[in-house]
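A.B. asks: Residue numbers (our numbering), protein chains in the order written: chain A, 515 to 779; chain B, 515 to 779; chain C, 515 to 779. In this text, a Cβ means the ideal position worked out from N, Cα and C, and glycines have one as well.
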Amino acid sequence: MEHQKTKSRFITLTTDFGLRDAFVGVMKGVILNINPAAVIVDITHGIPQGDLDAASFALDQAYAFFPPESIHIVVVDPGVGTDRRILLARAGNSFFLAPDNAVLKYVFAGHQDAVVLSVTNRYYFLPHTSQTFHGRDIVAPVAAHLSLGVPFVDFGQKIDDYLRGDILLPTRRNKTISGEIVYIDHFGNCITNISKKELKSEQIEEINIEKFQFERLSHSYAEHEVGEPLAIVSSHDHLEIAVRDGNAAQILNIKKGDRVEVILQ
Amino acid sequence: MEHQKTKSRFITLTTDFGLRDAFVGVMKGVILNINPAAVIVDITHGIPQGDLDAASFALDQAYAFFPPESIHIVVVDPGVGTDRRILLARAGNSFFLAPDNAVLKYVFAGHQDAVVLSVTNRYYFLPHTSQTFHGRDIVAPVAAHLSLGVPFVDFGQKIDDYLRGDILLPTRRNKTISGEIVYIDHFGNCITNISKKELKSEQIEEINIEKFQFERLSHSYAEHEVGEPLAIVSSHDHLEIAVRDGNAAQILNIKKGDRVEVILQ
Amino acid sequence: MEHQKTKSRFITLTTDFGLRDAFVGVMKGVILNINPAAVIVDITHGIPQGDLDAASFALDQAYAFFPPESIHIVVVDPGVGTDRRILLARAGNSFFLAPDNAVLKYVFAGHQDAVVLSVTNRYYFLPHTSQTFHGRDIVAPVAAHLSLGVPFVDFGQKIDDYLRGDILLPTRRNKTISGEIVYIDHFGNCITNISKKELKSEQIEEINIEKFQFERLSHSYAEHEVGEPLAIVSSHDHLEIAVRDGNAAQILNIKKGDRVEVILQ
Chain A
515 MEHQKTKSRF
525 ITLTTDFGLR
535 DAFVGVMKGV
545 ILNINPAAVI
555 VDITHGIPQG
565 DLDAASFALD
575 QAYAFFPPES
585 IHIVVVDPGV
595 GTDRRILLAR
605 AGNSFFLAPD
615 NAVLKYVFAG
625 HQDAVVLSVT
635 NRYYFLPHTS
645 QTFHGRDIVA
655 PVAAHLSLGV
665 PFVDFGQKID
675 DYLRGDILLP
685 TRRNKTISGE
695 IVYIDHFGNC
705 ITNISKKELK
715 SEQIEEINIE
725 KFQFERLSHS
735 YAEHEVGEPL
745 AIVSSHDHLE
755 IAVRDGNAAQ
765 ILNIKKGDRV
775 EVILQ
Chain B
515 MEHQKTKSRF
525 ITLTTDFGLR
535 DAFVGVMKGV
545 ILNINPAAVI
555 VDITHGIPQG
565 DLDAASFALD
575 QAYAFFPPES
585 IHIVVVDPGV
595 GTDRRILLAR
605 AGNSFFLAPD
615 NAVLKYVFAG
625 HQDAVVLSVT
635 NRYYFLPHTS
645 QTFHGRDIVA
655 PVAAHLSLGV
665 PFVDFGQKID
675 DYLRGDILLP
685 TRRNKTISGE
695 IVYIDHFGNC
705 ITNISKKELK
715 SEQIEEINIE
725 KFQFERLSHS
735 YAEHEVGEPL
745 AIVSSHDHLE
755 IAVRDGNAAQ
765 ILNIKKGDRV
775 EVILQ
Chain C
515 MEHQKTKSRF
525 ITLTTDFGLR
535 DAFVGVMKGV
545 ILNINPAAVI
555 VDITHGIPQG
565 DLDAASFALD
575 QAYAFFPPES
585 IHIVVVDPGV
595 GTDRRILLAR
605 AGNSFFLAPD
615 NAVLKYVFAG
625 HQDAVVLSVT
635 NRYYFLPHTS
645 QTFHGRDIVA
655 PVAAHLSLGV
665 PFVDFGQKID
675 DYLRGDILLP
685 TRRNKTISGE
695 IVYIDHFGNC
705 ITNISKKELK
715 SEQIEEINIE
725 KFQFERLSHS
735 YAEHEVGEPL
745 AIVSSHDHLE
755 IAVRDGNAAQ
765 ILNIKKGDRV
775 EVILQ
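Here's what the structure looks like:
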């Protein structure tokens with residue numbers, strides 16, 4: 515698989531750069547200068563600075579919806595300028611470029627057969643490589659060359675000792691599934707690490723989060739009044755605490771890391 | 515008209531998703547996976563949560579400037595997960611996809627001959643349709659298939675009972691036009707619902723907003739000193755209260771809904 | 515040079531429009547309506563309102579990384595509606611469109627042979643030109659027509675009296691280079707106007723900024739502990755004050771305009 519020549523127009527970006535500076539535009543310029551036919555799509559640049567959890571979550575929500583052979587870039591890189599490596603991974607039918615800091619943890623968890631390189635071939639970097647902006651100097655040009663059809667294996671050495679990261683899985687003990695809030699979105703929806711697979715609504719006795727209690731898993735917002743809290747399966751197939759037309763995190767005072775318990779019948 | 519086959523590369527997005535989460539990127543992935551030649555343009559994702567007024571206003575400012583056959587998506591959808599319908603409209607030379615919540619009110623007002631479908635043909639949805647993210651599961655794939663040339667009528671049933679919405683028109687009584695502030699932009703410019711057509715500057719006696727009074731309609735900022743308030747015709751051809759190089763909403767303490775009166779001579 | 519016919523797909527945007535309103539989307543619509551093959555890239559729309567310094571800095575960070583013949587638009591335009599001119603410049607292998615307010619100062623400083631037009635040919639404007647949104651009515655359509663191959667000289671008259679702007683250069687007196695903080699980025703990195711060329715790290719005795727002192731120029735963040743302040747050459751080749759994994763501006767209370775001194779040995 516690694517020797518296969520690929521050609522992909524699609525490159526996505528997930529960073530903590532924000533949108534105030536020129537960083538994102540600069541990376542796009544570098545890519546388009548190498549591959550003018552590349553199509554670059556922003557996943558988000560609003561990852562809180564250095565928040566690897568939020569970045570891995572955003573990427574995991576998005577990547578599977580893109581065309582095969584898409585190249586997904588993540589630049590959330592507190593280690594820039596240290597000797598941390600930059601990874602190029604082939605997993606499923608997609609490519610991923612990110613620092614070796616476990617920001618790809620959900621990708622690796624979902625694709626045990628991922629092939630991972632340490633990106634070392636300076637031929638594909640910008641000629642002058644800064645100590646502080648590897649997104650521009652290494653990641654963007656490597657993605658652009660990959661999108662032009664440079665073979666995957668040309669970019670570096672295959673490695674096995676990359677950081678796979680820890681995924682916080684819920685635990686089950688007798689009739690209780692224990693998880694936690696792993697992400698709070700823009701709307702205040704509170705997403706847990708308890709997946710749909712682990713739940714079957716007909717078996718639920720109650721769902722507890724902090725001092726709030728839900729007697730069942732709702733099937734839609736429509737079952738509730740405006741302002742009413744509910745537990746539902748999120749668009750990403752995880753248990754989610756929401757408030758109809760409201761901000762659950764604010765109204766219920768829920769924070770990332772809060773414990774969630776599902777009691778089964 | 516409805517049976518005509520179209521093909522449009524251009525799809526615009528207007529949402530209240532914000533740019534912090536992956537929602538917008540996900541919708542783009544879905545579209546590009548179905549039509550890799552689609553060109554997706556953001557109108558804005560900064561609509562305040564559930565603010566149908568702001569969304570309809572943003573769309574109205576923008577859509578007429580896009581190429582013919584463009585497909586304009588609006589996802590501001592407090593009713594997601596209820597039985598509210600999703601509409602596909604052909605109006606003028608453009609297409610529109612939005613929940614049936616009157617967010618297209620300016621489109622319908624401007625195109626009495628709009629043809630509107632209730633989007634029901636699940637063949638064009640994503641295979642698994644969530645209860646909470648119809649932008650991803652229904653709207654994005656329908657837009658992508660439409661952009662590929664699937665005939666308009668294939669997406670659902672023609673309906674007439676969609677929500678047309680109420681447009682707050684100014685009233686006229688003798689020599690007084692009464693309107694209100696309908697939008698305040700990023701610069702603090704305060705836009706009224708009084709259109710240029712209703713005004714002829716030579717006839718204006720005075721313009722009143724709350725405790726401020728303007729004796730005439732200005733033709734350009736250049737007629738004023740920096741910091742001076744003025745009344746002008748906005749880029750969208752409505753009466754606007756502005757401050758040269760300043761934030762009128764802040765300086766004059768103007769809020770959405772504030773009454774505006776134009777006294778004619 | 516000026517008579518050469520060009521054709522560029524790439525148009526970049528740098529504005530103070532923010533992302534809440536439809537302004538940016540509208541400009542893109544105008545461009546794509548004229549040249550459906552244009553590829554539009556955002557540098558940033560987060561320039562503080564009317565901040566010409568920040569806009570010129572963002573553009574300078576970015577433009578050289580884009581493909582040759584790219585057209586770079588800057589709309590930060592406190593003078594809209596006055597008689598300030600709109601400039602179209604050819605400099606190096608790029609084009610620039612901006613108000614005549616010195617926002618292109620770094621471009622002009624870097625390209626003494628820039629050819630500059632005052633954009634006057636209304637044939638390439640939108641038919642109805644507002645007093646308040648020249649980005650939409652003049653700049654966007656001119657850029658689009660230029661990208662289609664309309665000859666540069668067709669857009670207006672060559673001028674020499676455009677505003678070149680002042681670039682705040684550091685001064686050198688004996689063994690002291692005196693400069694200042696010219697930009698603070700999203701991460702709190704504090705960038706000075708002292709360029710790499712003026713520094714050779716082996717000669718530095720100390721670097722002073724307000725009450726903080728650095729004994730050397732670091733080569734990478736990796737030489738420092740998390741939270742430690744350092745002086746480094748930025749990705750844009752200027753002296754920068756940073757904090758490893760931290761926000762230097764906040765931690766060290768550095769503001770734009772703060773004096774920086776480099777004492778040489």
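1. Which residues in chain A have a C-beta closer than 7 Å to the C-beta of residue 749 of chain C? List them in chain order.
2. Excluding the five sequence neighbours on either side, which residues of its own chain have a C-beta within less than 7 Å of the C-beta of residue 772 of chain A, listed in chain order?
3. Indicate the three-state DSSP secondary structure (helix, strand or coil) for residue 677 of chain C in the structure shown.
4. Would you check if the distance between the CB atom of residue 753 of chain B and the CB atom of residue 685 of chain B is smaller than 8 Å?
5. Residue 741 of chain B: buried (16+ other C-beta within 10 angstroms of its C-beta) or exposed?
6. At the level of alpha carbons, what is the spacing between residue 608 of chain C and residue 664 of chain A?
7. Use the C-beta contact count for residue 550 of chain B: other C-beta atoms within 10 angstroms, 16 or more gives buried, fewer gives exposed.
8. For the beta strand (DSSP E) that contains residue 586 of chain A, what are its first and last residues?
9. Is the Cβ of residue 597 of chain A closer than 8 Å to any Cβ of chain C?
10. Counting only C-beta atoms, is residue 671 of chain C closer than 8 Å to chain B at any point?
11. Can you give me, in chain order, the residues of the segment 715-748 of chain B that have a beta carbon less than 7 Å from any beta carbon in chain C?
12. Whose Cβ in chain C lies nearer than 8 Å to the Cβ of residue 547 of chain A?
13. Relative to the C-alpha of residue 552 of chain A, which candidate in B/546, B/556, B/594 has its C-alpha closest?
14. Give the straight-line distance between the Cα atoms of residue 674 of chain A and residue 628 of chain A, rounded to the nearest whole angstrom.
15. Going along chain A, which residues have a C-beta under 7 Å from residue 539 of chain B?
16. Does the CB of residue 533 of chain A have a neighbour CB from chain B at under 8 Å?
17. Whole angstroms are fine: how far does the CA of residue 572 of chain A sit from the CA of residue 523 of chain B?
18. Is it the case that the segment 757-773 of chain B contacts the segment 699-714 of chain B, given that we only count it when at least three CB pairs across the two stretches are under 8 Å?
19. Determine which residues of the segment 751-775 of chain B have a Cβ less than 7 Å from any Cβ of chain C, and write them out in chain order.
20. Using the DSSP secondary-structure output, state which residues sit across from residue 599 of chain B in a beta bridge.
21. With DSSP as the reference, identify every bridge partner of residue 773 of chain A, one or two as the case may be.
22. Quick check on residue 702 of chain C - is its C-beta less than 8 Å from some C-beta in chain B?
23. Can you pull the chain C neighbours of residue 565 of chain B, defined as C-beta to C-beta under 9 Å?
24. Relative to chain B, which residues along the segment 675-709 of chain A have a C-beta separation below 7 Å, given in chain order?
25. Tell me the rounded alpha-carbon separation between residue 641 of chain B and residue 564 of chain B.
26. Between which two residues does the beta strand (DSSP E) harbouring residue 752 of chain A extend?
27. Please list the partners that residue 572 of chain B has in chain C, where partner means a Cβ-to-Cβ separation under 9 Å.
28. Establish whether the CB of residue 604 of chain B and some CB of chain C are separated by less than 8 Å.
29. What in chain B is Cβ-close to residue 543 of chain C, meaning under 9 Å?
30. Let's see if you can read the secondary structure: which residues bound the alpha helix (DSSP H) around residue 622 of chain C?
31. From residue 586 of chain B to residue 759 of chain C, what does the alpha carbon distance come to, in whole angstroms?
32. Just to confirm before moving on: does the CB-CB distance between residue 559 of chain B and residue 531 of chain B stay below 8 Å?
33. Thinking C-alpha only, which one of B/575, B/566, B/528, B/543 is nearest residue 537 of chain C?
34. For residue 728 of chain C, list the residues DSSP reports as bridge partners.
35. Does DSSP classify residue 572 of chain C as helix, strand or coil?
C.D. replies: A quick look at the data gives this:
1. The count along the third sequence starts at 1 and reaches residue 749 of chain C at position 235. Per Cβ cutoff of 7 Å: 644, 646, 647, 650.
2. Residue mapping note: residue 772 of chain A aligns to position 258 of the first sequence, counting from 1. Within the same chain, residue 772 of chain A has close Cβ partners 694, 695, 723, 724.
3. Along the third sequence, read from residue 1 onward, the residue named residue 677 of chain C stands at position 163. It is coil, neither helix nor strand.
4. Counting from 1 along the second sequence, the entry for residue 753 of chain B is found at position 239. Counting from 1 along the second sequence, the entry for residue 685 of chain B is found at position 171. Contact: no.
5. Counting from one through the second sequence, the residue named residue 741 of chain B turns up at place 227. Its Cβ having fewer than 16 others within 10 Å, residue 741 of chain B is exposed.
6. One-based indexing of the third sequence puts residue 608 of chain C at position 94. One-based indexing of the first sequence puts residue 664 of chain A at position 150. For residue 608 of chain C and residue 664 of chain A, the distance between alpha carbons rounds to 28 Å.
7. In the second sequence, counting from the first residue as 1, residue 550 of chain B sits at position 36. That one is exposed.
8. For this step, residue 586 of chain A is matched to residue 72 along the first sequence. Counting along the chain, the beta strand (DSSP E) containing residue 586 of chain A begins and ends at 585-589.
9. Looking up residue 597 of chain A in the first sequence gives position 83. Yes, residue 597 of chain A counts as interfacial toward chain C.
10. Stepping through the third sequence from its first residue, residue 671 of chain C is reached at position 157. Chain B contact via Cβ: absent.
11. 733, 734, 735, 736, 746, 748
12. In the first sequence, the residue the question calls residue 547 of chain A occupies position 33. For residue 547 of chain A, the neighbours in chain C by C-beta distance under 8 Å run, in chain order, 579, 580, 581.
13. In the first sequence, residue 552 of chain A corresponds to position 38, counting from 1. Considering only alpha carbons, the answer is B/546.
14. Sequence index remark: in the first sequence, residue 674 of chain A carries index 160 (1-based). Sequence index remark: in the first sequence, residue 628 of chain A carries index 114 (1-based). If I take the Cα positions, the gap works out to 10 Å.
15. Within the second sequence, the letter at position 25 stands for residue 539 of chain B. Within 7 Å Cβ-Cβ: 526, 555, 556, 557, 558, 576.
16. Here the question's residue 533 of chain A lines up with position 19 in the first sequence. Residue 533 of chain A counts as touching chain B.
17. Locating residue 523 of chain B in the second sequence gives position 9, counting from the first residue. Locating residue 572 of chain A in the first sequence gives position 58, counting from the first residue. Approximately 27 Å between the Cα atoms of the pair.
18. The segment 699-714 of chain B vs the segment 757-773 of chain B: in contact.
19. 759
20. Here residue 599 of chain B refers to the residue found at position 85 when the second sequence is read from its first residue. None; residue 599 of chain B has no bridge partner.
21. In the first sequence, counting from the first residue as 1, residue 773 of chain A sits at position 259. Beta-bridge pairing by DSSP links residue 773 of chain A to A/694.
22. In the third sequence, the residue the question calls residue 702 of chain C occupies position 188. No - not a single Cβ of chain B is within 8 Å of the one on residue 702 of chain C.
23. On the second sequence, residue 565 of chain B is found 51 positions in, with the first residue counted as 1. Chain-ordered listing is empty here: chain C has no CB closer than 9 Å to the CB of residue 565 of chain B, the nearest sitting near 11 Å.
24. Cβ contacts with chain B: 699, 700, 701.
25. For the purposes of this step, residue 641 of chain B is taken as residue 127 along the second sequence, with counting starting at 1. For the purposes of this step, residue 564 of chain B is taken as residue 50 along the second sequence, with counting starting at 1. So the two alpha carbons sit approximately 27 Å from each other.
26. Mapped onto the first sequence, residue 752 of chain A falls at position 238. Residues 752-757.
27. On the second sequence, position 58 is the one that residue 572 of chain B refers to. Result: 534, 535, 536, 539.
28. Sequence index remark: in the second sequence, residue 604 of chain B carries index 90 (1-based). Residue 604 of chain B does not count as touching chain C.
29. For the purposes of this step, residue 543 of chain C is taken as residue 29 along the third sequence, with counting starting at 1. Those are 524, 526, 555, 557, 576, 577, 578, 579, 580, 581, 584, listed as they occur along chain B.
30. Within the third sequence, the letter at position 108 stands for residue 622 of chain C. Taken as a continuous stretch (DSSP letters only), the alpha helix (DSSP H) holding residue 622 of chain C covers 619-624.
31. Here residue 586 of chain B refers to the residue found at position 72 when the second sequence is read from its first residue. Here residue 759 of chain C refers to the residue found at position 245 when the third sequence is read from its first residue. Cα to Cα, the separation comes out at about 41 Å.
32. Taking the first residue of the second sequence as 1, we reach residue 559 of chain B at position 45. Taking the first residue of the second sequence as 1, we reach residue 531 of chain B at position 17. Their beta carbons are under 8 Å apart, which means residue 559 of chain B touches residue 531 of chain B by this criterion.
33. Looking up residue 537 of chain C in the third sequence gives position 23. The residue with the shortest Cα to Cα distance from residue 537 of chain C is B/575.
34. By 1-based counting over the third sequence, the position of residue 728 of chain C is 214. C/721.
35. Here residue 572 of chain C refers to the residue found at position 58 of the third sequence. Correct three-state label for residue 572 of chain C: helix.
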